[in-house]
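Take the first sequence: its position 1, counting from 1, is numbered 1 in UniProt numbering, and each next residue is one higher. Have a look at the structure below before the remarks.
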Amino acid sequence: MPQSCYSGMWPEESQYHTQYPFYEWDEHNVYSATTLTRPMDEHKYVPPHELLDFDHHPLSAIGKSVPYASELVRRDTSKPMKDWEPEEVIQWFCEEARNSNVDFENIQLPQFSNVNGCKLQNMTLEEFTQKDYHYGKFLYDAVRRYMGREAAFLDDNLPPFNNLRPKDEVIYTDLSDSLGKPALSVIADNDSYNDSDASSHEPFETKPPVIAAKLPGPPGGRRPVGRPPKPTRTKRGNKEKKCGRLWEFIRDLLLKPEYCPSLICWENHEEGIFRFVRSDKVAELWGTIKENPKMTYEKLSRAMRYYYKSQVLQPVLGRRLVYKFGPTARGWRTNNPNFRDSTK
DNA sequence: CTCGGCTTTCCTGATT
DNA sequence: CAATCAGGAAAGCCGA
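What follows is the structure, encoded as structure tokens:
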């Protein structure tokens with residue numbers, strides 16, 4: 001399931017259920033708050049600065065006052081679109097608008113006040129443009145894209161790791177040279193799923209277990225610092241082909257709807273800020289590519305931090321799991337298929 | 001073979 | 001408390 005880019009925390013006082021204002025359209029077509037009690041897993045609280053710009057909240061756009069920070073509610077991103085309530089549709093519109101650099105204040109949000117997810121999915125392009133002449137097409141396309149991603153992607157219905165080709169077959173291309181073409185397409189693309197070629201690779205899980213070399217260790221009992229030799233050392237003559245660098249792998253994950261935004265997502269595509277959604281899974285993927293089952297996020301993140309020096313990445317202070325592409329990183333500022341409308 | 005770039009591994013300490 | 005972040009240190013891998 002596609003997930004939001006936002007992580008949120010419940011207020012400290014939340015126990016198992018919480019009460020908070022829930023925004024609904026009433027019979028007078030007024031978007032107002034009613035207090036509902038919901039299990040805490042259903043909706044997640046998120047501070048407004050992570051949800052939407054406080055000064056540019058959708059409620060402001062339709063002449064409503066923006067609720068107090070702690071009252072804002074995060075859209076439940078695991079919910080199928082067909083089950084969305086109208087306010088979730090509105091919120092999602094705003095997220096889509098922001099991701100595409102469209103000012104949602106220009107979108108005719110009130111026109112969609114009674115449109116729930118089910119209705120949204122059944123609306124034709126004409127119906128969209130009737131409601132919003134300028135942005136109807138944009139919204140229609142966004143809905144189609146989302147539906148496509150939903151259909152193609154159920155959580156943990158990720159391309160199985162054993163379908164990831166060993167690193168000698170992963171060839172990264174420079175995206176700046178191949179406009180908008182996801183470099184990771186060699187991974188998990190249709191042709192690598194079902195063909196006989198894919199089966200010719202030893203599934204990752206069935207490889208013989210790596211037996212960790214028991215290192216002698218120093219007198220103190222501590223293991224020596226440094227990288228232990230690979231148990232299965234490659235012969236000099238049998239060189240492995242080049243595999244992409246870590247940041248390129250990360251960049252390419254961000255371009256694949258199979259992984260973005262479920263495993264990693266853009267926080268701000270314009271600025272190149274992204275966040276690990278499932279850091280463990282990303283590390284696992286990286287480990288698969290590097291044929292290193294011991295890869296962890298801890299180790300991956302160390303490598304990420306080394307990029308600060310070379311300006312491939314820049315630190316985002318105070319944000320966990322958040323990084324930003326630096327001036328040396330290339331290819332991320334592309335026509336991202338996850339966010340860009342082809343008509344744009 | 002050497003060297004440098006890029007990790008990988010481990011660790012300590014701080015922060016969330 | 002568990003995760004995560006920040007870096008230092010050291011070693012492996014690999015291409016030039």
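No residue lacks a Cβ here, since even glycine has one placed at the ideal position from N, Cα and C. Keep in mind the model is a prediction, meaning the values are calculated, not measured.
Asked: With three or more beta-carbon pairs closer than 8 Å as the criterion, would you say the segment 277–284 touches the segment 254–269?; Found: yes
Asked: For G326 versus V316, is the C-beta spacing smaller than 7 Å?; Found: no
Asked: Hey, out of R245, V322 and Q91, whose CA is closest to G287's CA?; Found: R245
Asked: Leaving out five residues on either side along the sequence, give the residues of the same chain with a beta carbon under 8 Å from the beta carbon of Q130.; Found: G136
Asked: Beta-carbon separation of E85 and N116 under 7 Å?; Found: yes
Asked: Along the chain, which unbroken stretches of the beta strand (DSSP E) at least 3 residues long are found entirely within the segment 259–308?; Found: 264–268 and 273–276
Asked: How many Å lie between K324 and R333 at the Cα?; Found: 12 Å
Asked: The beta strand (DSSP E) spanning L313 covers which residue range?; Found: L313 to P315
Asked: Ordered along the chain, which non-local residues of its own chain (more than five positions away) have a Cβ less than 7 Å from that of F249?; Found: W286 and I289
Asked: Along the beta strand (DSSP E) that carries F249, what are the first and last residues, could you check?; Found: F249 -> not in any beta strand (DSSP E); alpha helix (DSSP H) instead, spanning L246 to L253.
Asked: Just the Cα atoms here: how many angstroms apart are T328 and R305?; Found: 14 Å
Asked: Output yes or no for whether 7 Å exceeds the beta carbon distance between D108 and D141.; Found: The identity of residue 108 in the sequence shown is Gln, whereas the question assumes Asp. Result no, Cβ atoms of Q108 and D141 do not sit closer than 7 Å.
Asked: Using the C-alpha atoms, what's the distance from E126 back to P80?; Found: 24 Å
Asked: Measure the C-alpha to C-alpha separation of F128 and Y146 and round it to an integer number of angstroms.; Found: 16 Å
Asked: To which residues does DSSP link V322 through a beta bridge?; Found: R275
Asked: Which term fits E270, buried or exposed, when burial requires 16 or more other beta carbons within 10 angstroms of its beta carbon?; Found: exposed
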